[in-house]
Amino acid sequence: MPDATETQVLGAMSFPGTPAQVAHARTYTRTTLAKALGPENSAIDDVELLVSETVTNAILHTPSGRTDPTGRPIGEVTLALALTSRTVRVEVMDEGTAAVPELHPSPCDEHGRGLWLVASIASAWGHKRHESTAIVWFEVPFSSHPGDVSGSGD
Numbered sequence: 272m273p274d275a276t277e278t279q280v281l282g283a284m285s286f287p288g289t290p291a292q293v294a295h296a297r298t299y300t301r302t303t304l305a306k307a308l309g310p311e312n313s314a315i316d317d318v319e320l321l322v323s324e325t326v327t328n329a330i331l332h333t334p335s336g337r338t339d340p341t342g343r344p345i346g347e348v349t350l351a352l353a354l355t356s357r358t359v360r361v362e363v364m365d366e367g368t369a370a371v372p373e374l375h376p377s378p379c380d381e382h383g384r385g386l387w388l389v390a391s392i393a394s395a396w397g398h399k400r401h402e403s404t405a406i407v408w409f410e411v412p413f414s415s416h417p418g419d420v421s422g423s424g425d
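In this note's numbering, the protein residues as written are 272 to 425.
1. Is the CB-CB distance between residue 298 and residue 318 below 8 Å?
2. Give every residue of the same chain whose Cβ lies closer than 8 Å to the Cβ of residue 404, excluding the five residues on either side of it in the sequence, and list them in chain order.
3. Spatial neighbours of residue 307 within its chain, please: CB distance less than 7 Å, with the 5 preceding and 5 following residues excluded, ordered by chain position.
4. Go through the stretch 300-334 residue by residue and report every complete run of the alpha helix (DSSP H) that reaches 4 residues or more, in order.
5. Put residue 405 into one of helix, strand or coil per three-state DSSP.
6. Among the candidates 339, 346, 342, 309, whose CA atom is the shortest distance from the CA of residue 332?
7. Can you tell me where the alpha helix (DSSP H) holding residue 391 begins and where it ends?
8. Under the rule that 16 or more other beta-carbon atoms within 10 Å means buried, what is residue 412, buried or exposed?
9. Where does residue 298 sit, in a helix, a strand or coil, going by DSSP?
10. Indicate the three-state DSSP secondary structure (helix, strand or coil) for residue 282 in the structure shown.
11. Go ahead and pull the three-state DSSP assignment for residue 413.
12. Should residue 362 and residue 392 be called a contact, given that it needs their Cβ atoms to be closer than 8 Å?
13. Can you tell me which of 340, 352, 339, 415 puts its alpha carbon nearest to the alpha carbon of residue 326?
14. Check residue 397 in the structure and name its three-state DSSP category.
15. Output the distance between the C-alpha atoms of residue 305 and residue 402, rounded to the nearest integer angstrom.
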């Protein structure tokens, strides 16, 4: 595991901005984190859920989900995974939009709870823009002790 001041990059994956790719992002996340943390680590399920939500948002609400006139995907999403000494850090990069991510869905809305889940489960999260790219990032604590759900990392 990284010490308190370093970040260990686990990997990154770029893929077409299609709904079918959300499952690939989840599988990549679970496989990568199981190798780094052990397959029984309690943080993996939470990270996998939040990856699913943020990748889905990138595909549905940004140009990353666009297609050409024949329906072929031309947008792209990138998922990056890293470890700090106590958290899994995830960044989901998309092709940007001028809209600011919404966190407060109406109780009657059928959709719109993805970022609410991120804010509820992650220990920290945010969004930033870099040129034509938008990044939503979040951190989920992990424990180095199997079965410990406290996220203390001790």
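Positions of the beta carbon are idealized from the N, C-alpha and C atoms, including for glycine.
A quick look at the data gives this:
1. What you label residue 298 is simply residue 27 of the sequence shown in a count that begins at 1. What you label residue 318 is simply residue 47 of the sequence shown in a count that begins at 1. Result no, Cβ atoms of residue 298 and residue 318 do not sit closer than 8 Å.
2. By 1-based counting over the sequence shown, the position of residue 404 is 133. Cβ within range, chain order: 364, 365, 366, 367.
3. Translated into the one-based positions of the sequence shown, residue 307 becomes position 36. The answer, listed in chain order, is 281, 354.
4. 314-332
5. Position 134 of the sequence shown holds residue 405. Of the three classes helix, strand and coil, the one that applies to residue 405 here is strand, per DSSP.
6. Your numbering for residue 332 matches position 61 in the sequence shown. Per the Cα distances, 346.
7. As a position in the sequence shown, residue 391 is number 120, starting the count at 1. It spans 385-392 - the alpha helix (DSSP H) in which residue 391 sits, taken as one unbroken run.
8. The count along the sequence shown starts at 1 and reaches residue 412 at position 141. Buried is the call here.
9. The residue labelled residue 298 in the question sits at position 27 within the sequence shown. Residue 298 falls in the helix class under three-state DSSP.
10. Position 11 of the sequence shown, counted from the first residue, corresponds to residue 282. Three-state DSSP puts residue 282 in a strand.
11. The count along the sequence shown starts at 1 and reaches residue 413 at position 142. Three-state DSSP puts residue 413 in coil, outside helix and strand.
12. Taking the sequence shown and counting its residues from 1, the one referred to as residue 362 is at position 91. Taking the sequence shown and counting its residues from 1, the one referred to as residue 392 is at position 121. Against a cut-off of 8 Å, the Cβ pair of residue 392 and residue 362 comes out as no contact.
13. Mapped onto the sequence shown, residue 326 falls at position 55. Nearest option by C-alpha distance: 352.
14. Within the sequence shown, the letter at position 126 stands for residue 397. If DSSP states are grouped into helix, strand and coil, residue 397 belongs with the strands.
15. By 1-based counting over the sequence shown, the position of residue 305 is 34. By 1-based counting over the sequence shown, the position of residue 402 is 131. Each residue's Cα considered, the two are about 33 Å apart.
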